[in-house]
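Note sheet for the following structure.
There are 4 protein chains.
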Amino acid sequence: MPIAKTIRAGIVGAAGYTGGELIRLLLRHPAVEIAFAQSRSSAGIPVSAVHTDLYGETELLFTEEVLPEVDIIFLCAGHGEAVKFLSATTLPDTVRIIDLSHDFRLEATALQGKRRFVYGLPELNRELIRQAGNVANPGCFATAIQLGLLPLAAEGLLDEVHTTGITGSTGAGQGLSPTSHFSWRADNIQAYKTLQHQHVAEIHQSLRSLSPGPKPEVHFVPWRGDFTRGIFVTSVVDCRLSYEDALSLYQRFYATAAFTHVSAEPIDLKRVVNTNKCLISLEKSGSKLAIHSAIDNLLKGASGQAVQNMNLMFELPEHTGLQLKASAF
Amino acid sequence: MPIAKTIRAGIVGAAGYTGGELIRLLLRHPAVEIAFAQSRSSAGIPVSAVHTDLYGETELLFTEEVLPEVDIIFLCAGHGEAVKFLSATTLPDTVRIIDLSHDFRLEATALQGKRRFVYGLPELNRELIRQAGNVANPGCFATAIQLGLLPLAAEGLLDEVHTTGITGSTGAGQGLSPTSHFSWRADNIQAYKTLQHQHVAEIHQSLRSLSPGPKPEVHFVPWRGDFTRGIFVTSVVDCRLSYEDALSLYQRFYATAAFTHVSAEPIDLKRVVNTNKCLISLEKSGSKLAIHSAIDNLLKGASGQAVQNMNLMFELPEHTGLQLKASAF
Amino acid sequence: MPIAKTIRAGIVGAAGYTGGELIRLLLRHPAVEIAFAQSRSSAGIPVSAVHTDLYGETELLFTEEVLPEVDIIFLCAGHGEAVKFLSATTLPDTVRIIDLSHDFRLEATALQGKRRFVYGLPELNRELIRQAGNVANPGCFATAIQLGLLPLAAEGLLDEVHTTGITGSTGAGQGLSPTSHFSWRADNIQAYKTLQHQHVAEIHQSLRSLSPGPKPEVHFVPWRGDFTRGIFVTSVVDCRLSYEDALSLYQRFYATAAFTHVSAEPIDLKRVVNTNKCLISLEKSGSKLAIHSAIDNLLKGASGQAVQNMNLMFELPEHTGLQLKASAF
Amino acid sequence: MPIAKTIRAGIVGAAGYTGGELIRLLLRHPAVEIAFAQSRSSAGIPVSAVHTDLYGETELLFTEEVLPEVDIIFLCAGHGEAVKFLSATTLPDTVRIIDLSHDFRLEATALQGKRRFVYGLPELNRELIRQAGNVANPGCFATAIQLGLLPLAAEGLLDEVHTTGITGSTGAGQGLSPTSHFSWRADNIQAYKTLQHQHVAEIHQSLRSLSPGPKPEVHFVPWRGDFTRGIFVTSVVDCRLSYEDALSLYQRFYATAAFTHVSAEPIDLKRVVNTNKCLISLEKSGSKLAIHSAIDNLLKGASGQAVQNMNLMFELPEHTGLQLKASAF
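Protein chains in written order, with this note's numbering: chain A, 1 to 329; chain B, 330 to 658; chain C, 659 to 987; chain D, 988 to 1316.
What follows is the structure, encoded as structure tokens:
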């Protein structure tokens, strides 16, 4: 007997990558009914005409309008658009919001009218999310980097961090540009926003809120990778813990995490692609500790984590609708 | 309330690609409990040490032995190994078998001791599979090609067929060889087994059994592709039907199919990757009809279709455990 | 002692893919000096700002204007633009033209004002090209398919042909479109212009001009591939020759060809990528002969063949400037 | 008039990746004749049967034996094999050696019998190489990382360095292993030898020999990338120079370098693939300087640099035989 479809969910900006991934997840979520999938650019046409893998699975059409008779709205409208949407739209207070943009992630912007946004990283804020009316979903790189550093920050062991991360093309959205052209990106690597990526602010906010000791400082070099899905990150820090003690610290910290696992074996990116998991492994050499972490940027890095947050907000088991088969290859 | 785990399933040859994909599916299947995952080469070690994407999801170990107290056994042991296994192993008659090799696909080899194998293509043999004790799961190329041709064969409209197909690297298994080396296969294309692929025999058997008219003859050129998952096939035939009539014929033929959909729009491979779906589209030019079909070789082309067959054999809804999120990108 | 730079060459439409490839070749060509690289969109900026691999190799700037004091002009302006250019531009009769578009490939369009264009496939028309003032460079698919079929056509052994070909993304130019987006094209396959590709006309023209027997008819299915460079084609025909006789026929036909080689071993695409070569292999099964051919679409399929034609027109050894190192991997 | 083929060169271990790339280069080198291409595993068979892109270009066979009547021998036999070869083989003193393994790169191992090896990084040791009888060719990662750091080291501005690098699959050679399998490596990323890569020793040796100030310390995280050719590296250091001063320092340092160029624009990997170039760019943020560098691991990182060293040793222009067309896409 299936769970009753008790949660009516709407999606704003449903024609983009994160909107599409949310639809894929929610169509299979046992407790959710999609009330609307709004898209200005695609209003009136079938969802499966844009997200073509859904052909044969749904008759849903994109709508022009947002319906207020819902329990939750996911905002996938892009950076800056969430603020505009909330200003322009009157919603009942009972409608919860999960925003996937960076509009409400920082303390300074977390209060929007009467709505206060909780930073939606379950490994950091699980209890706050459970009670939240509004959640600011973390950035994709921010998720992978923080999950690699939270245990050290919580012990006050984090100071200067050197991080390099590589991201798949879906992290840049579906806009057409020279660097999204297949002929350019295939077999290519490029750095971008070196030491200036916008996610560093939310990373610093989390690490510094947690750290009883020094104020962690992350120097982050992002690279564009020649694959479509996934983020792989390595952070290097000075650390006085032995490998065994560090491993033990990480395993304790994530013992109850629903999707974040610490491995004593080497990890690689494809183990998490098309899942909501984060995998972490550690290596020690001299005084340096290297932390590797891997996620799927569209799932744990965006829409999957949004569903995880929704599950927490509606008192569902955290895994509900998120036990995804890895693509593995 | 979850479905009771009423089906106890075993897997023989569980350390290979199709075995791993079966484990991924069955771990999430609401009606199945994995009783054993047998592997000679990996006996005693954790399943997640070989199928590393399963880290954090199962504590299952590979076994040396096969346990007879099961409802069904999937044979993923490779071509020639299934015959040997059944000869060497005494199993209760009540244990059903789904074999993924080519050992029992042809009429001439379908009877093995007291066990008679039904050819497990649901779109062709759904009722026979429902009543079967033993199923020979079709080949991956054979599935994609047949699904593109069955409607024409059933109308006696199929004569000479020219087919080209391209397959991902997982179709060749995990054996190491020069043509499985990344440096060779990346960005490369090669024909192999030209006009001599072993799947043509089972294709001919199905088409000819169905066709009231001429004896269809398929000339098949397989290519190795530079991707990991998926098969894309185009068949060209002479056809007197108009495009509209052909489309209508195909849509009627697959109106009740659980996973095979006929699209009036162009298709592409990635819409089906990481799903159990087959997508088909048609194009007409002059007297020629081109039929495009796409599947995931490890799912609809192997382990997914095996689960679909199991669902039919155990009177479960055909979609059970197979509503997979496409990777899409 | 280097060859004197005796040929002054200009390029119209030099900012596109084929224009860039021509610049790469001509910069290293011992007998050529690039007189101008014209581009309306990029006039005034350095060539190396667009073709960024040339950073450190040339100070050349794109020009707005075409300079008439040259020996040869390559037209890389795109289909339809070559006709317009020749109508709008007064050039001395002594300036030779090689056009890379399809504007002058067919007999019906080969005469443009006082200029008559020779179809520039050296394996078909070497002597005519040597004496030509104007050459229409063949299409990329047209080159690969014809080279696979010319020997049979010349013997009157060609009737109905079923051909499938796959092309890299550079074949579609640098325009941005949904199917040129990396997230779409990576690991994907799609058919396009099925049985209706524009290159079939020039293929038929060549084959029929050569064939003393039946009028060959090519049914061609093109696929988009998930790589950047290269074309791989398989054609299947009825053929009464044995494998040995067919191989011998092909080897005789191409005995003096500068870049087209017939291999008795299986071929694969990457052997020719980043070279001007065409590799061909044959397989026989029953009455069917399969012919595989592979080229680099930007070289033998476009700019490399254009340089080969220029070499012939200026009585240089055919290999001059075209002895390129394969990327091989 | 071509340059006379005055240099007779032999290759030991010619069937591997670096051996093959050397053959590709030397076949087109105007001053070199390949005297032998030795391979124990492939003795007696055609070079083009192993390096299949060379089909149609050479009739050369692999030899079992090494011929002493040569001017230079390239050792491509693998780490540890070069020492064994020199111990077991009596060569005239006049035969020069370029070794591509790590056997003679460090001061402690640079003297082998009567042969003293010069570390063959032309940007560091051009004059020493010109006079050398024996050259130890640098490692691929070592080349990319050093070229990014030499200018700072020479000014005594280098202290602690955090470096991440990604390499194509050809860097790991042609051996078959789980991580060289296409199904594993496609679309995947993995760290390996984290903070323990063997190239760090030669990097430290060069930087410290050059640095008048602090003893530079490089913390290096290597990643396996999902492409075949190329290395992209980012190093982050504390640096008191402004961006403009740093750029100026780098441009002065490499003003006379034959293949290393400093770009004021962002760089990407494919600009150098299939060339002997190294491209470098800089970015400054706060007190941190990021240095990006890119090379082709088989060319500037191995066989191309070996030919560059040979050119220096034989007083040829450094570019001779190395003006390669980039694959660009």
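Glycine is no exception: its CB is placed at the ideal position from the N, C-alpha and C atoms. Keep in mind it's a predicted model, so treat the numbers as computed, not measured.
Is DSSP giving Ala693/C helix, strand or coil here?
Strand, per DSSP.
6 Å Cβ shell around Gln475/B - same chain, five flanking residues per side excluded:
Result list for Gln475/B: Ile532 and Ser535, in chain order.
Less than 6 Å between C-beta atoms, sequence neighbours within five positions excluded: which residues of the same chain meet that for Gly462/B?
If we look at Gly462/B and ignore the five residues flanking it on each side, its Cβ neighbours are Arg425.
From Arg24/A to Asp53/A, what does the alpha carbon distance come to, in whole angstroms?
The alpha-carbon atoms of Arg24/A and Asp53/A are separated by roughly 9 Å.
Look at Gly477/B and Ile363/B and say whether their C-beta atoms are less than 8 Å apart.
In this structure, Gly477/B keeps its C-beta atom at 8 Å or more from the C-beta atom of Ile363/B.
Within chain A, partners of His1149/D - CB distance below 7 Å
Correct list: His162 and Val236.
Interface residues of chain C facing Ser1250/D [CB-CB closer than 7 Å]:
Neighbourhood of Ser1250/D in chain C, by CB distance below 7 Å: Tyr713, in chain order.
Proximity winner among Ser1196/D, Lys1275/D and Ser1250/D, relative to Ser1229/D (alpha-carbon distances)
Proximity to Ser1229/D across Ser1196/D, Lys1275/D and Ser1250/D peaks at Lys1275/D, based on C-alpha coordinates.
What did DSSP end up calling Asn969/C once you bin it into helix, strand or coil?
Asn969/C falls in the helix class under three-state DSSP.
Taking the C-alpha atoms as reference points, what is the distance between Gly630/B and Leu1309/D?
C-alpha separation (whole angstroms): 48 Å.
Using a Cβ-Cβ distance under 8 Å, would Ala186/A count as near chain C?
True, the Cβ-Cβ gap to chain C drops below 8 Å.
Could you have a look at Tyr572/B and say whether DSSP puts it in helix, strand or coil?
In this structure, Tyr572/B counts as helix in the three-state DSSP scheme.
Kindly indicate the opening and closing residues of the beta strand (DSSP E) around Phe117/A.
Premise fails: Phe117/A is in no beta strand (DSSP E) and is neither H nor E.
Can you tell me the Cα-Cα spacing of Arg116/A and Glu1252/D, whole angstroms?
Arg116/A and Glu1252/D have their C-alpha atoms spaced approximately 42 Å apart.
Range of the contiguous beta strand (DSSP E) that encloses Pro1209/D:
Segment Glu1204 to Arg1211, the beta strand (DSSP E) holding Pro1209/D.
Between Ser656/B and chain A, is the shortest Cβ-Cβ distance under 8 Å, so that the two count as touching?
It does: the Cβ of Ser656/B has a partner Cβ on chain A nearer than 8 Å.
Against chain D, which members of the region 956 to 986 of chain C pass a CB distance test of less than 7 Å?
Listed in chain order, the positions of the region 956 to 986 of chain C with a beta carbon within less than 7 Å of a beta carbon of chain D are Gln981, Leu982, Lys983, Ala984, Ser985 and Ala986.
Alpha carbons only, please: which of Val965/C, Asp761/C, Phe987/C and Leu982/C is nearest the one belonging to Ala689/C?
Val965/C is the residue among Val965/C, Asp761/C, Phe987/C and Leu982/C whose C-alpha sits nearest the C-alpha of Ala689/C.
Whole-angstrom C-beta distance between Phe62/A and Ser42/A, which should lie under 8 Å
In this structure Ser42/A is in contact with Phe62/A, their Cβ atoms being roughly 4 Å apart against a cut-off of 8 Å.
Of the residues Gly997/D, Thr1166/D and His1184/D, the one placed nearest Ile1176/D, counting alpha carbons only:
Relative to the Cα of Ile1176/D, the nearest Cα in the group Gly997/D, Thr1166/D and His1184/D belongs to Thr1166/D.
If I measure Cβ to Cβ from Pro2/A and keep anything under 7 Å in the same chain, skipping five residues before and after, which residues do I get?
Because Pro2/A carries a pLDDT of 48, less than 50, the predicted location of this residue cannot be relied on, and no value is offered for it.
Segment contact, 8 Å Cβ cut-off, at least three pairs: the region 537 to 544 of chain B with the region 480 to 492 of chain B
Two segments are said to touch when three or more pairs of C-beta atoms, one from each, lie closer than 8 Å; by this definition the region 537 to 544 of chain B touches the region 480 to 492 of chain B.
Beta-carbon separation (whole angstroms), Gly1217/D vs Val1260/D, contact threshold 8 Å:
About 5 Å separates the two Cβ atoms, so the contact holds.
Distance check for Ile925/C and Val1224/D, CA to CA, integer angstroms please.
Rounded to the nearest angstrom, the two C-alpha atoms are 48 Å apart.
Please report how far the alpha carbon of Asp660/B lies from the alpha carbon of Leu611/B, in whole angstroms.
Beyond the ends of chain B as shown, which are 330 and 658, falls residue 660/B; an answer cannot be given.
Determine the direct distance from the alpha carbon of Glu723/C to that of Val708/C, and round the result to whole angstroms.
Pairing Val708/C with Glu723/C, the inter-Cα distance amounts to about 18 Å.
How is the alpha helix (DSSP H) around Asn454/B delimited, first residue to last?
Per DSSP, Asn454/B belongs to the alpha helix (DSSP H) from Pro451 to Arg459.
Whose C-alpha, out of Arg185/A, Phe227/A, Ile72/A and Pro92/A, is nearest the C-alpha of Val135/A?
Val135/A has its Cα closest to that of Ile72/A, out of Arg185/A, Phe227/A, Ile72/A and Pro92/A.
Would DSSP call Leu1197/D helix, strand or coil?
For Leu1197/D, the secondary structure class from DSSP, reduced to helix, strand or coil, is helix.
At a Cβ cut of 7 Å, what residues of the region 752 to 770 of chain C count as close to chain D, listed as they run along the chain?
From the region 752 to 770 of chain C, no residue has a Cβ closer than 7 Å to chain D.
Do you know offhand how far Thr557/B's Cα is from Thr496/B's?
If I take the Cα positions, the gap works out to 8 Å.
If the cut-off is 9 Å on Cβ atoms, which residues from the region 602 to 618 of chain B count as contacting chain A, listed in chain order?
Taking 9 Å as the Cβ-Cβ cut-off against chain A, the residues of the region 602 to 618 of chain B that qualify are Val602, Asn603, Thr604, Lys606 and Leu608.
By the criterion of Cβ-Cβ separation under 8 Å, what are the contact partners of Leu1012/D in chain C?
Result: Lys983.
Chain B contact for Thr337/A (CB, 8 Å cutoff):
With chain A running from 1 to 329 in the structure shown, residue 337/A is simply not present.
Go ahead and label Thr821/C buried or exposed: buried means 16 or more other beta carbons lie within 10 angstroms of its beta carbon, across all protein chains shown.
Buried, because 16 or more other Cβ atoms sit within 10 Å of the Cβ of Thr821/C.
From Asn626/B to Ser632/B, what distance separates their C-alpha atoms?
Taking the straight line joining both Cα atoms gives about 9 Å.
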